[in-house]
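Presented below is the structure to which this report refers.
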Amino acid sequence: MNEKGIATPLVLGIPLGLLMGVGLFTFGYARGYSYMTDDPGACNNCHVMHEQYDGWLKSSHRKVAVCNDCHTPRGFVPKYFTKALNGFNHSLAFTTGRFPDRIQITGRNERVSEESCMKCHEELTEGIQASRAHNEKVHCTTCHQSVGHAH
Amino acid sequence: ERKQEARTPFFRVVELTDDQDDPALWGKNFPLQYDAYKRTVDMTRTRYGGSEAMPKAPTQADPRDKVSQSKIDEDPRLRRMWLGYAFSVDFREERGHAYMLVDQRNTRRVTEFKQPGTCLNCHASTYVFMKKLGGGDVTAGFAKMNQMPYAEATQGVKHPVACIDCHEPESMKLRITRPGFLEGIKALKASQGVADYDPNRDASAQEMRSYVCGQCHVEYYFKGDEKRLTFPWHKGLKAENMFDYYEEVGHKDFVHKETGAPVLKAQHPEFEFYSQGIHARSGVACADCHMPYKREGGMKISDHHVRSPLLNINRACQGCHHFSEQEMKDRAEQIQLRFMEARNIAMDALMDLIEETKKLREAGAADNDLKRAWAAQRKAQFFIDLVEAENSAGFHAPGEELRVLTTALDEIRKGQVSLRGVKPAKVQTKQAD
Amino acid sequence: ERKQEARTPFFRVVELTDDQDDPALWGKNFPLQYDAYKRTVDMTRTRYGGSEAMPKAPTQADPRDKVSQSKIDEDPRLRRMWLGYAFSVDFREERGHAYMLVDQRNTRRVTEFKQPGTCLNCHASTYVFMKKLGGGDVTAGFAKMNQMPYAEATQGVKHPVACIDCHEPESMKLRITRPGFLEGIKALKASQGVADYDPNRDASAQEMRSYVCGQCHVEYYFKGDEKRLTFPWHKGLKAENMFDYYEEVGHKDFVHKETGAPVLKAQHPEFEFYSQGIHARSGVACADCHMPYKREGGMKISDHHVRSPLLNINRACQGCHHFSEQEMKDRAEQIQLRFMEARNIAMDALMDLIEETKKLREAGAADNDLKRAWAAQRKAQFFIDLVEAENSAGFHAPGEELRVLTTALDEIRKGQVSLRGVKPAKVQTKQAD
Ligand SMILES: [Ca+2]
Ligand SMILES: [Ca+2]
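Residue numbers (this note's numbering), protein chains in the order written: chain R, 476 to 626; chain E, 115 to 547; chain B, 115 to 547.
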C-alpha cells in the first residue's frame, strides 16, 4: 500500500479550490470541527477510528488520558498545528478513501505519541533515561504498545 | 450514503433456502462477499505460494485454457518419491477456489486412474447433492457419494465450494457441512477426553473460522471398501500420531515402484500443522489471515477472495503486527527459506535411501533384508511429504515442521545404516523381475 | 518523599573515576542497582536453565561450599563428545554473575590444565587491570593479559564483572570495554560492507543493551601463540560462517580421543544465535529480557539481578506479550521441548558415528579411509555443540537452531555412509595402540 495521505503526485495535482471544497465538505459531513475539542467521541466520528476508540475504552488509560493527550504535542501552538494537519490529512484520506485498511501511524505522529508519554511519566522514567543521549531516549511503545488502545 | 450502508448490512433481496447452492443467488443479498468470492480466479505467484498461470490450449478432453505450474516438473524428486502412484503422473501447484472442480475433473490423476466419488467432498459444493442423495440425511448421502464412481458423482454437482457449504442460509452463521470433518474432529476430541464433540454445537465462533477450512485442508485417506473419507486424527494431530494411526490400521497408499516399500501419501495437512503453530496458540484463525476484514464503503467485511496472505499483507498481518509490509514479508520468507533449506536436505537424503535400496533390490537382495530400510522410507517419506504438502512452506508451524524434518532425517540415516550388511545374493533372478 | 527521590535519580555520594572497579563503591551512588546486582548469587533451577545449588564441602584446593549441577554427569554423551579435551573432565551448568571468578578459578579445567590469562577476559572485572597492564592503553593491556599464565593473571583481579565493565563512570552510559568484542564486531561489520565500525561511537543505545553482553556470551578461540581472544565472526554469525572461518584458518581445539578426528569445541554463542532470532529482529535486546525494568519506589530501574527471564516472566515478557505468566512459560518451554527432542536425536546420531569410527579405527582402519567420517564429525559436532552451548535450549532462535540440527544430522548420515566400504586391514596393530 502506498496510499499514505496527501503526499502523492495525483493528490497534489488537484486544484487547491477543489481541495478546499472537499476539505470543507468533509469538515461538516464528518463533523471535522470536532478536531477542535478533546472529546474522544469526536475522533470516533469517523468509523475508521472505531477500532482505536473501542480499544481505548478498554485500555489502562481510559480514565487518565484522551486521544489528544497522546496524539498532540505539548504547547498551544504545536498542539493546534498538529490537530489542523491531522484533521486535514484524515478528512482528505477519509473522503478519497485512499488509506490502508489497517491504519499505520506515520513518522511525525509516532514521534508525537512517543513523546507524549513524558507529559505524565517523566519523573518515573528519569532514571532509565538519564544515562542516555538526548536523541537516544527509551522507546516506550516497544514494550507498552497497547496502553492507549489494544489493537 | 456510506453512513447509510453501515447501518443495514444485510439487504434481503432474495429469500435463501437450504437447497440453493448457486452462489450467484446468495450474491444478490451479499454482493460484496460474492464479488470477492469470484476473484479467486486470480492467479499471482508469491515466492513459495499463490500460483502461476500457464497458458494451455483447451482440448476436448481438457477444456482448461490455463493451468498452474507442475510441481513434479519443478522438483523431480517429488516424482521419484511417488513412483508407482498417480501423483507421479500429474501434480500441480494449487490455485484459487474457483478452480477446484475443473482442476479435479481434468487432472490426469482422474482422467487416467479410477477414482471414487469421495474425491468430490472437497472439490465442489456438495451439500445439497449429499442431502438429496441421502433423502434429507447428509451423512447417508455422504456414504452414498463416496461409493459412486467419480465420473458419475461429479455429474451431481455444478459449483466449487459455495456459500451454502460454509453458511447457514437464514442467519449466515458458519457451520460444518462435511461429515468427514464431523467424524474426524469427534475422534480427535475423544482422544483428548472430550466425549461426543459436535462443532456445530460446541465450537466457538472463532474456532469455526478455522474449522470451516479444516473440512478440506487436511490429511485424509479412503477407508475400506466404502471408500469413506477419513481423517487419521484418532491419536492426535502430530505427524507421529497420524503415522501411528496408519500403522495401527495397517494402511498403505501404494508400493514404491523402485524399492518395493509399502508407503503413504500425505495431502495438504494445513489444519493439522496450523494447529501446532504459534498463531493457533494465540487464537488466530485461518480466516484472520486468509479472509481478513476489509473496508468496503463504510462496511467491514470478511474478504472472500481467499488467497495467500502475502498478497494482502496490510490487512492480513498489520492488524496485529506493527512492522512494515516489507518487513512482514521478509519475516514470513525467512521462515520459509529456513524450511526449504531443511526440506531440501531431507529430500536429497530420501533420494539417497531410495537409490540405495533400489540398487540392492535390483542386485537381488532379499525382501527380508530390506525390511528396515522400507520402514525407514515409509516413515521418513510420510513425514517429509506431510510438511511438503502443507502448503505454507513451513509458515503455519515453523518449529514443528523443522522438528518433523529432523525425525525424518534420523529415520533415513538408520535406514541406510541397516543396509550396511545386506549382501545381494540372487543377482541372476533380477533379469526375470 | 517519593517525588524527591524521583527528581534526583543520581545521588552523587561518591565521585567515581575510571579506575575504581569495586562495585560497592559505585553502589553508594546507585544502591538499587547494586542491591540487585548482588542477588546474582541466588540459585534457582528452571526446566532447562537457572542453576541448582549442590552443597559441597569446601576444601583448601576448592573453597566453594556449593557448586551447580554437573552437565557431563547429567548427559554422558557430552563427555564422550569431548573425550580428549578438558571439558570431558569438568563442565557444569552456568550460574549467576557473582560466581564467575570463583567458578573459573576452581574448575578442574583450570586446576588440572594449563590455561592462559585470556580466560580472564570474561570472568572478572578486568578493565582497570588491563588499563594498568597497558599503561593506560586497554588494548595493549589486553594483549599482555592474554599472554600471562592464568595463575598469574588471576592475581590481578578481585571482582566478577562489575559496574565499570559496562558503564562510563561519569554519565553511566553503556560502553564496550573488551577489545575482543571491538575486534570481533569490527570484522563482522566489515564483512557486511561497513568499514571501521566502533560500537562505542556507532551503536545505538538499544544495540548497546545487547553488545555489552556480547562481550562474553559468544563463541571464541585463542588465536596463535599470543593466545589472543578472537571471535570467529569474519564471515558472519551463522553456524556455517563460523565453521568456514575455522576451516579457513585451519583451527582445531582437540583431537577426539576415540576417533582421531580433529574437532572444535563451541562455547556459549548466545549473542550469535540471539542475533538470528525473531526478538533481535524485532529490536528486543538481551537486557530487555534479562534485566527488565522494575519499579522501585517512584523510579523505574533496570533489574541488575541478571538471570533467567523465566524466573521473572511478569516483567521480562508481559510488557510485550499479553498472555498469562503460565502461558508465556508454556510457550517458551514448548520451544525448548521441541529443541531438546531434535537435539537428543542429533546427539544420539553423533554417538553412533563416533562408535562406528572408533570400532573401525580399533580394528585398524587406515586414517585415510576415515577422513570423510572425521570431516563429518568435525562439522556435525561443532553444529550440535553450538546449539547445545547456546544456553537458552533453543529459545533465542528457535527456527535457526533447528535448521542447524538438520544440517548436523545430514552430515552424520553422510559420514556413516562413507564408512560403508571401509575394510579394517591391520587388525593386529590394534593391541599395540
Ligand atoms: Ca498455491
Ligand atoms: Ca544456568
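Every residue, glycine too, gets a C-beta built ideally from N, C-alpha and C.
- Under the three-state reduction of DSSP output, E:Ser305 falls in the helix class.
- Nothing from the stretch 532-551 of chain R brings a Cβ to less than 8 Å from some Cβ of chain E.
- Here B:His211 is buried, its C-beta having at least 16 other C-beta atoms within 10 Å.
- One finds Ala605, Ser606 in chain R with Cβ atoms closer than 8 Å to the Cβ of B:Met286, taken in chain order.
- Between the alpha carbons of E:Asp135 and B:Asn458 lies a gap of roughly 53 Å.
- Contact check for E:Val332 and E:Glu386: beta-carbon distance about 6 Å, within the 8 Å limit, so the pair qualifies.
- Cβ atoms of E:Gln450 and E:Ala507 come within 8 Å of each other, at about 4 Å.
- Any heavy atom of ligand 1 counts here; residues with a Cβ closer than 6 Å to one of them, in chain order, are E:Gly163, E:Gly164, E:Ser165, E:Glu207, E:Glu208, E:Arg209.
- Sequence-ordered contacts of the stretch 507-537 of chain B with chain E read Pro512, Gly513, Glu514, Leu516, Arg517, Leu519, Thr520, Thr521, Leu523, Asp524, Ile526, Arg527, Gln530, Val531, Arg534 [C-beta pairs closer than 8 Å].
- Where B:Ile449 is concerned, the enclosing alpha helix (DSSP H) starts and stops at 439-476.
- Closest by C-alpha distance to B:Lys180, out of B:His370, B:Arg209, B:Pro190, is B:Arg209.
- The three-state secondary structure of B:Met413, taken from DSSP, is strand.
- By the rule that beta-carbons nearer than 9 Å mark a contact, R:His624 does not touch chain B.
- In the three-state reduction of the DSSP assignment, B:Phe368 falls in the strand class.
- Rounded to whole angstroms, the separation of the alpha carbons of B:Leu424 and B:Asp204 is 27 Å.
- A residue is called buried once 16 or more other Cβ atoms fall within 10 Å of its Cβ, and R:Cys595, having fewer, is exposed.
- Considering only beta carbons, the part of the stretch 401-435 of chain B lying closer than 7 Å to chain R consists of Tyr407, Gly412, Met413, Lys414, Ile415, Ser416, Gly433, Cys434, in chain order.
- Residues of chain E with a Cβ closer than 7 Å to the Cβ of B:Ala463 are, in chain order, Asp524, Arg527.
- Cβ-Cβ distances below 7 Å link R:Ser535 to Val622 in the same chain, with the five nearest sequence neighbours on each side left out; the list follows chain order.
- E:Ser182 is outside the set of residues whose beta carbon lies under 9 Å from a beta carbon in chain R.
- With the rule of 3 Cβ pairs closer than 8 Å, the stretch 254-273 of chain B counts as touching the stretch 232-244 of chain B.
- Collapsing the DSSP output to three states places B:Pro263 in a strand.
- By the C-beta density criterion, E:Gln440 is exposed, having fewer than 16 other C-beta atoms within 10 angstroms.
- For E:Ser438, the shortest separation between its Cβ and any heavy atom of ligand 2 does not lie below 8 Å.
- At least one heavy atom of ligand 2 sits closer than 8 Å to the Cβ of B:Asn505.
- In this structure, DSSP gives B:Lys408 an extended state, which the three-state scheme calls strand.
- Counting only runs that start and end inside the stretch 557-618 of chain R, there is no beta strand (DSSP E) element of at least 3 residues.
- The C-beta of R:Arg549 has fewer than 16 other C-beta atoms within 10 Å across all chains shown, which makes the residue exposed.
- Closest in C-alpha terms to B:Pro383, from the list B:Phe295, B:His281, B:Asp176, comes B:Phe295.
- Annotated three-state conformation of B:Ser184 is strand, per DSSP.
- B:Met405 is positioned such that its CB atom lies no closer than 9 Å to that of B:Arg191.
- Between the C-alpha atoms of E:Leu519 and B:Lys152 there is a straight-line separation of about 44 Å.
- Look at B:Arg323 here: in three-state DSSP terms it is helix.
- The criterion of a C-beta distance shorter than 9 Å is satisfied by B:Ala380 and B:Leu500.
- For E:Ser422, the Cβ stays outside the 8 Å cut-off from all heavy atoms of ligand 2.
- Residues of the stretch 576-597 of chain R that bring their beta carbon within less than 7 Å of a beta carbon in chain E comprise Asp576, Arg577, Gln579, in sequence order.
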